[in-house]
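Numbering (our numbering), first residue to last: 93 to 668. Don't be surprised by glycine CBs; every beta carbon is placed ideally from N, CA and C.
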């Protein structure tokens with residue numbers, strides 16, 4: 093049976109790696125701007141009446157802002173920022189009438205679908221650059237809020253409390269029930285915790301409940317961008333609870349935690365019948381898993397393309413890791429007290445039986461962790477290089493290495509448990525002891541890194557950078573198109589045309605580019621590149637939207653030969 097479990101685990105790992113190789117990028121991280129009106133660095137003859145920003149996903153209806161300032165830093169919007177009721181991915185605001193020529197800066201802030209506050213700026217120009225109307229340049233907004241250590245610590249405590257709760261309930265209920273024990277307690281019926289796990293259970297509940305209570309003002313302060321004391325105000329807390337995904341999840345978790353406290357009281361009450369205590373223990377496990385499921389729905393998975401599947405995978409990953417780590421806490425604290433009355437070989441066998449009983453469950457937990465971990469890498473990492481080029485990827489590497497170390501200690505424990513059943517088992521080393529504590533300590537570190545990952549922004553795909561592609565026409569001409577930076581906003585376009593002998597074609601008076609978005613009907617835009625002696629054909633133009641553009645190059649030679657070539661350009665988000 094053990095060999096089959098090991099084969100199942102290895103098979104899951106291999107299958108996951110195959111998927112990671114075949115599908116290195118399936119979705120993006122949280123919200124970013126796909127288009128705005130005006131576009132970034134746009135030059136407008138007439139001032140706009142309204143500012144609109146469209147994101148790649150719906151944004152949350154709390155703590156958003158959209159402001160426009162002139163060159164002197166004075167606001168020129170009408171303070172009517174709102175989310176379009178017909179499209180929750182669009183943020184808009186109206187401008188004062190008759191804005192003078194000059195430079196302006198749009199400053200925006202929203203809550204992404206995964207609960208992360210993000211913000212940025214979009215500059216634009218009315219009239220010719222340098223026109224009268226201001227004395228300076230617009231100042232950019234501050235950078236987006238960084239990860240808050242107190243939020244990471246709170247999330248870690250929440251994870252740790254849930255893990256120990258799950259382990260303290262599930263280990264004596266499913267893994268090592270009284271009828272299977274070899275510690276002199278085989279006559280017990282119903283759910284019966286190991287010694288010392290009662291205080292462990294209530295301590296874990298206290299840590300989980302305290303972390304849950306503290307998470308509300310901490311998250312509100314982060315979302316609203318205000319100090320913690322300001323976040324305790326009823327208006328800020330009310331906005332968080334009523335208009336954010338976190339608030340909804342927090343209310344659900346709080347209700348489940350209150351119900352869990354009632355069940356724990358029944359579970360630990362010796363005056364309650366064994367049957368009722370067992371039923372309450374099953375229900376308590378379900379409530380702990382319910383809190384974990386709610387937690388999984390408030391993170392990065394909430395903004396994934398396949399939201400339901402991503403939430404399910406995050407939940408399974410958290411539940412499997414929590415069960416493994418929580419069971420270790422029970423074995424480290426409860427098993428020594430449970431076998432204290434036994435001596436020598438009997439004590440060793442009691443340890444071995446508990447570890448062997450946990451071994452099968454542990455194999456399945458490892459398989460689930462591997463499968464869901466690989467899935468998370470697929471949807472949150474856009475490329476292999478993101479593993480070592482982003483903070484998120486480096487933390488993920490560290491978490492994986494710790495998981496492998498934890499698996500090594502687990503394999504050592506399992507082998508010690510098997511050796512204890514050998515004919516010369518009295519000469520083998522005893523399982524348990526410091527090795528379990530080491531394994532548990534590594535698990536606690538893994539939970540800390542998992543908490544950190546929930547607050548780190550997954551990396552966006554690497555921008556393709558300057559576009560430079562050469563194509564050959566049917567007549568043998570070589571047309572080279574260069575675009576920099578290849579992002580939404582203003583770009584520099586350059587065209588070089590060579591004849592079949594790879595010499596520059598002379599006599600071309602101008603080159604015309606025609607830009608058309610291939611996925612949306614937005615019309616076309618022409619860019620004219622006039623001839624200038626001794627200089628390449630170059631000009632500037634604007635990509636107004638993210639996505640795929642078709643760029644047609646057209647030129648006429650002195651002999652009226654038409655040189656035409658069509659390029660496909662993938663426009664990336666602007667750097668922010």
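Which residues in the same chain have their Cβ closer than 8 Å to the Cβ of residue 265, if we skip the five residues on either side of it in sequence?
Cβ neighbours of residue 265 beyond the five flanking positions: 283, 370, 373, 374 and 377.
Given residue 129, which residues of its chain have a CB within under 6 Å of its CB, disregarding the five upstream and five downstream residues?
For residue 129, where only same-chain residues beyond five positions count, the Cβ hits under 6 Å are 144.
Taking DSSP as the reference, what is the three-state secondary structure of residue 241?
Three-state DSSP puts residue 241 in a helix.
In the DSSP assignment, what are the bridge partners of residue 200?
Answer is 158 and 212.
Does the Cβ of residue 447 have 16 or more other Cβ atoms within 10 Å, making it buried, or fewer, making it exposed?
Residue 447 comes out buried.
Ignoring anything shorter than 4 residues, give me the alpha helix (DSSP H) runs that lie fully in the stretch 378-411, in order along the chain.
Fully enclosed alpha helix (DSSP H) runs of 4 or longer: not present.
For residue 563, does the three-state DSSP call read helix, strand or coil?
Of the three classes helix, strand and coil, the one that applies to residue 563 here is strand, per DSSP.
Quick check on residue 655: buried or exposed, where buried means 16 or more other Cβ atoms within 10 Å of its Cβ?
Residue 655 is buried by the Cβ-count criterion.
For residue 601, which three-state DSSP category applies?
Coil at residue 601, not helix or strand.
Pick out the complete alpha helix (DSSP H) segments inside the stretch 270-348, 4 residues or longer, and give them in chain order.
List check, alpha helix (DSSP H) in window: 289-316, 320-323 and 326-335.
Look up residue 584 in the DSSP assignment and say whether it is helix, strand or coil.
It is a strand residue.
Report yes or no: do three or more beta-carbon pairs, one from the stretch 198-209 and one from the stretch 148-165, lie closer than 8 Å?
They touch, by the three-pair rule.
For the putative contact between residue 421 and residue 318, defined by C-beta atoms under 8 Å, what is the C-beta separation to the nearest angstrom?
Actually they do not touch by this definition, with Cβ atoms about 37 Å apart.
Measure the C-alpha to C-alpha separation of residue 665 and residue 586 and round it to an integer number of angstroms.
For residue 665 and residue 586, the distance between alpha carbons rounds to 21 Å.
Could you pull the DSSP bridge partners for residue 167 from this structure?
Paired residue(s): 161.
Give me the residue from 168, 159, 567 and 163 with the minimum Cα distance to residue 174.
Of the candidates 168, 159, 567 and 163, the one whose C-alpha sits nearest the C-alpha of residue 174 is 159.
Is the number of C-beta pairs between the stretch 581-596 and the stretch 530-539 that are closer than 8 Å three or more?
At 8 Å Cβ cutoff, the stretches do not touch.
Following the continuous alpha helix (DSSP H) through residue 541, name the residue where it begins and the one where it ends.
Here the alpha helix (DSSP H) through residue 541 covers 526-547.
How big is the Cα-Cα spacing for residue 444 and residue 179?
Rounded to whole angstroms, residue 444 to residue 179 spans 60 Å at the Cα level.
Quick one: what does DSSP say residue 659 is sitting in, helix, strand or coil?
In this structure, residue 659 counts as strand in the three-state DSSP scheme.
Determine the closest residue to residue 543 out of 350, 388, 125 and 572, with distance taken between C-alpha atoms.
Comparing Cα positions, the closest option is 388.
Would the beta-carbon of residue 349 fall within 8 Å of that of residue 536?
Going by C-beta atoms, residue 349 is not nearer than 8 Å to residue 536.
Let me confirm a value: residue 577 is counted as buried when at least 16 other C-beta atoms fall within 10 Å, else exposed. Which label applies?
Flag for residue 577 reads buried.
Need the endpoints of the beta strand (DSSP E) that residue 617 sits in, please.
Element bounds for residue 617: 616-622.
Considering only the beta carbon of each residue, do residue 408 and residue 464 sit closer than 8 Å?
Their beta carbons are under 8 Å apart, which means residue 408 touches residue 464 by this criterion.
With a 10 Å radius around its C-beta and 16 neighbouring C-beta atoms as the bar for buried, classify residue 623 as buried or exposed.
The residue is exposed, with fewer than 16 neighbouring Cβ atoms inside 10 Å.
If you reduce the DSSP assignment to three classes, tell me which class residue 574 lands in.
Strand.
Evaluate residue 425 with the Cβ neighbour count: other Cβ atoms within 10 Å of its Cβ, from every protein chain shown; 16 or more gives buried, anything less gives exposed.
Counting Cβ neighbours within 10 Å, residue 425 comes out buried, since at least 16 surround it.
Between residue 569 and residue 133, what straight-line distance do the alpha-carbon atoms span, to the nearest angstrom?
Residue 569 and residue 133: Cα-Cα distance of roughly 34 Å.
Within its chain, find whatever has a CB closer than 8 Å to the CB of residue 491; leave out the 5 residues flanking it on each side and keep chain order.
Closer than 8 Å at Cβ, skipping near neighbours: 538, 541, 542 and 545.
Let me check understanding here. Comparing Cα to Cα, which of 142, 195, 498 and 177 lies closest to residue 747?
For residue 747 there is no data in the structure shown, the boundaries of the chain being 93 and 668.
What is the DSSP secondary structure of residue 627, reduced to helix, strand or coil?
Correct three-state label for residue 627: coil.
Exposed or buried, residue 228, counting other C-beta atoms within 10 Å across all chains shown (16 or more means buried)?
Because the pLDDT of residue 228 is 47, which lies under 50, any placement of that residue in the model is unreliable, and the question is left without a value.
What three-state label does DSSP hand residue 651 in the structure shown?
It is coil, neither helix nor strand.
Decide if residue 138 is buried, meaning its Cβ has at least 16 other Cβ atoms within 10 Å, or exposed.
Under this definition residue 138 is an exposed residue.
Quick one: what does DSSP say residue 191 is sitting in, helix, strand or coil?
Coil at residue 191, not helix or strand.
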